[in-house]
Amino acid sequence: MSPTSAALVTGAARGIGRLAARRLAAEGIAVALLGRSPDGVRALHEELAAGGARSVPVVADVTDPEAVRAAVAEAEAALGPLDLVLNNAGLIDAAEVPFWEADQDQWWAVVETNLRGPANVDRAVLPGMVARGRGRIVNVSSGFAVEAFPDYSAYSTSKTALLRLTDTIAGPLAAKGVYVFDISPGALETDMTAGMAMFAGKTDWYSPDRFLDALVAVAEGRLDALAGRFLHAGKDDLDALATRAAELADHDARRLHLRPYGPDDPQQ
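Mind the numbering: the sequence shown is residues 184 to 451 in our numbering, read in order.
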């Protein structure tokens with residue numbers, strides 16, 4: 184049985200968030216459905232309730248820390264302590280243009296949603312998780328976090344910064360029984376990706392099941408040894424990778440690094 188009894192999913196009304204909420208509910212986990220649209224999360228709540236699952240719809244813009252704190256409090260009042268958080272709410276650059284041509288307000292909206300959003304959620308849930316000595320947080324990452332995509336500078340910047348945030352907090356939190364993950368689902372066919380010019384005509388989408396299986400593996404505690412490292416659900420055999428966790432730690436693998444130019448590089 185999963186050690187996770189209650190989870191919070193942000194951006195739950197659509198795309199990966201909706202799929203994740205359905206899968207967690209199917210696993211017997213109570214789910215708090217967070218979104219900006221009351222109608223969207225309420226409709227999903229009613230769907231899950233009709234199937235006998237426990238859920239609660241909560242409304243907040245993840246960039247608003249006070250609204251997030253209130254939503255987390257409402258979720259825990261209804262479902263009990265949150266053992267798992269999926270930071271899924273996100274935005275993408277509105278147009279494929281270089282940084283200096285991008286709409287400044289929209290550029291910052293992407294960064295705020297994708298970076299400040301998870302930070303706000305984490306700040307709201309972590310005190311409780313640390314006090315209880317248990318908890319898991321999954322950030323929806325992307326290949327954009329580890330490779331520069333000039334026409335998607337806001338999304339790339341935000342996902343790389345989120346990767347560094349995880350890298351920064353994962354070690355201290357693991358010592359307290361709380362594990363943080365960055366997991367890329369790969370290119371899934373969603374409303375967001377379908378509108379990206381770079382994916383026009385794409386047919387070889389990754390299956391969402393691999394990401395959902397990874398999320399369940401996190402909920403069950405099977406991937407704790409991989410906390411703090413970049414994982415790609417679409418490509419990685421995560422259970423096999425977990426058996427190599429000590430090797431990854433020895434080589435400091437799957438983390439952000441500045442690559443030295445040679446053995447005499449003072450930055451190595």
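Glycine included, C-beta positions come from ideal geometry on N, C-alpha and C.
### Proximity winner among 427, 360, 320 and 216, relative to residue 398 (alpha-carbon distances)
If you number the sequence shown from 1, residue 398 lands on position 215. Taking the Cα of residue 398 as reference, the smallest distance to any Cα among 427, 360, 320 and 216 is reached at 320.
### Message
Can you list, in chain order, the residues of its chain with a C-beta nearer than 8 angstroms to that of residue 453? Leave out the 5 residues immediately preceding and following it.
### Response
Any answer about residue 453 is impossible in this case: the structure gives the chain only from 184 up to 451.
### Message
Could you check whether residue 296 and residue 343 sit closer than 8 angstroms to each other, using their CB atoms as the reference points?
### Response
Counted from its first residue, the sequence shown places residue 343 at position 160. Counted from its first residue, the sequence shown places residue 296 at position 113. Cβ distance not < 8 angstroms, so residue 343 and residue 296 don't count as in contact.
### Task
Kindly give me the distance between the Cβ atoms of residue 414 and residue 365, rounded to whole angstroms, as I take these residues to be in contact under 8 angstroms.
Here residue 414 refers to the residue found at position 231 when the sequence shown is read from its first residue. Here residue 365 refers to the residue found at position 182 when the sequence shown is read from its first residue. About 7 angstroms; that satisfies the 8 angstroms criterion.
#### Entry: Exposure label - residue 220; buried when at least 16 CB within 10 Å
The count along the sequence shown starts at 1 and reaches residue 220 at position 37. The residue is exposed, with fewer than 16 neighbouring Cβ atoms inside 10 Å.
### Message
Beta-carbon within less than 6 angstroms of residue 254's beta-carbon, same chain only, minus the 5 sequence neighbours each way: which residues are those?
### Response
Reading the sequence shown from its first residue, position 71 is the one you call residue 254. Within the same chain, residue 254 has close Cβ partners 217, 241 and 243.
### Message
With distance defined between alpha-carbon atoms, name the residue in 211, 239, 213 and 212 nearest to residue 223.
### Response
The count along the sequence shown starts at 1 and reaches residue 223 at position 40. With distances taken between Cα atoms, residue 223 lies closest to 239.
### Query
Based on Cα-Cα distance, which residue from 417, 354 and 200 lies nearest to residue 325?
Walking along the sequence shown from the start, residue 325 turns up at place 142. Of 417, 354 and 200, the residue nearest in Cα terms is 417.
### Query
By DSSP, does residue 222 sit in helix, in strand, or in coil?
Your numbering for residue 222 matches position 39 in the sequence shown. Residue state, collapsed to three classes: helix.
### Message
Quick check on this structure: which residue in 335, 362 and 336 has the alpha carbon closest to the alpha carbon of residue 348?
### Response
For the purposes of this step, residue 348 is identified with residue 165 of the sequence shown, where counting begins at 1. With respect to the C-alpha of residue 348, the residue from 335, 362 and 336 having the closest C-alpha is 362.
### Query
With respect to 7 angstroms, is the separation between the Cβ of residue 300 and the closest non-hydrogen atom of the ligand ADP below this value?
Looking for the ligand ADP in the displayed structure turns up nothing, as the structure carries no ligands at all.
### Task
For residue 504, count neighbouring C-beta atoms within 10 Å of its own C-beta (all shown protein chains included) and say buried if the count is 16 or more, exposed if not.
Residue 504 lies beyond the range of the chain shown here (184 to 451); nothing can be said about it.
### Message
Am I right that residue 190 and residue 268 are in contact with their C-beta atoms under 8 angstroms? What's the rounded C-beta distance?
### Response
Sequence index remark: in the sequence shown, residue 190 carries index 7 (1-based). Sequence index remark: in the sequence shown, residue 268 carries index 85 (1-based). Indeed, because the Cβ distance is near 7 angstroms, the residues count as touching under 8 angstroms.
### Query
To which residues of the same chain is residue 333 closer than 7 angstroms at the C-beta, ignoring the five residues directly before and after it?
In the sequence shown, the residue the question calls residue 333 occupies position 150. The residues are 281.
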